[in-house]
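Q:
In the numbering used here, the protein residues as written are 4 to 91.
Here's what the structure looks like:
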């Protein structure tokens, strides 16, 4: 099943992705990789994203895909990927 990858500015359930450092781009926006950051409006801070996309890496790191977790106190804080770049 194909899953969307996340890029800079994509929404999360409680905020948005504010850093993306992978070597890949989708429509001019950089793809996020493991430990890139997202804002949480509930926890009032910036937190790393735990990437889980398999089959493609950048800089030796996994890429962030739809529904990956933002590592804040909110156990249900997830990425809502909006790119046109997919992994399987």
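Just so you know, even glycine gets a beta-carbon here, dropped at the ideal spot from N, CA and C.
These figures come from a predicted structure and were not determined experimentally.
1. Please list the terminal residues of the continuous beta strand (DSSP E) segment that includes residue 11.
2. For residue 22, which residues from the same chain have a beta carbon less than 6 Å from its beta carbon, with the 5 sequence-adjacent residues on both sides left out?
3. With H, G and I counted as helix, E and B as strand and the rest as coil, what does DSSP make of residue 53?
4. Just checking my contact of residue 42 with residue 7 at CB under 8 Å: how many whole Å lie between their CB atoms?
5. For residue 12, which residues of its own chain have a beta-carbon under 7 Å away from its beta-carbon, when the five flanking residues on both sides are left out?
6. Using a Cβ-Cβ cutoff of less than 6 Å, which residues in the same chain neighbour residue 60 once the five nearest sequence positions on both sides are dropped?
7. Once DSSP output is grouped into helix, strand and coil, what is the label at residue 79?
8. Return the CA-CA distance between residue 28 and residue 88, expressed in angstroms with no decimal places.
9. What are the boundary residues of the beta strand (DSSP E) that includes residue 64?
A: To lay it out plainly:
1. Looking up residue 11 in the chain shown gives position 8. No beta strand (DSSP E) contains residue 11, which DSSP labels as neither H nor E.
2. Walking along the chain shown from the start, residue 22 turns up at place 19. Cβ within range, chain order: 39, 40.
3. To locate residue 53, count along the chain shown from 1; it is residue 50. Looking at residue 53 - three-state DSSP - the assignment turns out to be strand.
4. Here residue 42 is taken as the residue at index 39 of the chain shown, counted from 1. Here residue 7 is taken as the residue at index 4 of the chain shown, counted from 1. Contact doesn't hold; Cβ gap of about 20 Å is too wide.
5. Position 9 of the chain shown, counted from the first residue, corresponds to residue 12. Excluding residues within five positions, the ones whose Cβ falls inside 7 Å are 19, 20, 32.
6. Here residue 60 is taken as the residue at index 57 of the chain shown, counted from 1. Here the set comprises nothing.
7. For this step, residue 79 is matched to residue 76 along the chain shown. In the three-state DSSP reduction, residue 79 falls in the coil class, being neither helix nor strand.
8. If you number the chain shown from 1, residue 28 lands on position 25. If you number the chain shown from 1, residue 88 lands on position 85. Spanning the two alpha carbons is a distance of roughly 8 Å.
9. In the chain shown, the residue the question calls residue 64 occupies position 61. Looking at the DSSP string, the run of the beta strand (DSSP E) that includes residue 64 is 64-66.
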